[in-house]
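Remarks on the structure that follows.
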Amino acid sequence: MPDRETPPDVMPMIRTIAMPADANANGDIFGGWLMSQMDLAAGNLAQRAAHGRCVTVSVEAMSFIRPVKVGDEVSVYCELLSTGRTSMNISVEAWRRERAEQNDERVTKAVFKFVAIDSTGRPRPLPGKV
Numbered sequence: 005m006p007d008r009e010t011p012p013d014v015m016p017m018i019r020t021i022a023m024p025a026d027a028n029a030n031g032d033i034f035g036g037w038l039m040s041q042m043d044l045a046a047g048n049l050a051q052r053a054a055h056g057r058c059v060t061v062s063v064e065a066m067s068f069i070r071p072v073k074v075g076d077e078v079s080v081y082c083e084l085l086s087t088g089r090t091s092m093n094i095s096v097e098a099w100r101r102e103r104a105e106q107n108d109e110r111v112t113k114a115v116f117k118f119v120a121i122d123s124t125g126r127p128r129p130l131p132g133k134v
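5 is the number of the first residue of the sequence shown in my numbering; add one for each residue after it.
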């Protein structure tokens, strides 16, 4: 996803509100909470693409650009970048918006790698890949 000043022109995979339990003593949302929201969103896209169970195997180039505050609406957008025989690279961006405002700001981005797995936890080919 190229750098831009507005969120992607697609529906987010996840939209949620940052709550006090997700914040540190300064009122900033924990990076781990934000990363977990990104993982949930990317996992949703991965399962759709793989037509089944997937696991996160790595996160590359995680960049925290600005903080998320308690009460912010957080939207997570995903794009399937590439596929291998069993794996997928998914670009993920998280954007924040103060609920009473209209200005969205990108807060973080990363590339998540997922692998499709079978019922025993072993890698399996993606649909159409043998």
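Beta carbons are placed, not taken as given, at the ideal position from N, Cα and C, and that holds for glycine.
query: Can you give the Cα-Cα distance for Thr112 and Lys133, rounded to whole angstroms?
result: Within the sequence shown, the letter at position 108 stands for residue 112. Within the sequence shown, the letter at position 129 stands for residue 133. The alpha-carbon separation between Thr112 and Lys133 amounts to approximately 32 angstroms.
task: Check whether the Cβ atoms of Ile121 and Val59 lie closer than 7 angstroms to each other.
output: Here the question's residue 121 lines up with position 117 in the sequence shown. Here the question's residue 59 lines up with position 55 in the sequence shown. Cβ distance < 7 angstroms, so Ile121 and Val59 count as in contact.
query: How is the alpha helix (DSSP H) around Met42 delimited, first residue to last?
result: For the purposes of this step, residue 42 is taken as the residue at position 38 of the sequence shown. Counting along the chain, the unbroken alpha helix (DSSP H) around Met42 starts and ends at Gly35 to Ala54.
Opening and closing residue of the beta strand (DSSP E) in which Arg101 lies: In the sequence shown, residue 101 corresponds to position 97, counting from 1. If you look at Arg101, you'll find it in the beta strand (DSSP E) that goes Ser91 to Arg101.
query: Which word fits Leu44, buried or exposed, when buried means at least 16 other C-beta atoms lie within 10 angstroms of its C-beta?
result: By 1-based counting over the sequence shown, the position of residue 44 is 40. A residue is called buried when at least 16 other Cβ atoms come within 10 angstroms of its Cβ; Leu44 does not meet this threshold and is exposed.
field: Collapsed DSSP secondary structure at Ala65 in the structure displayed
entry: Locating residue 65 in the sequence shown gives position 61, where the first residue counts as 1. Under the three-state reduction of DSSP, Ala65 is assigned to strand.
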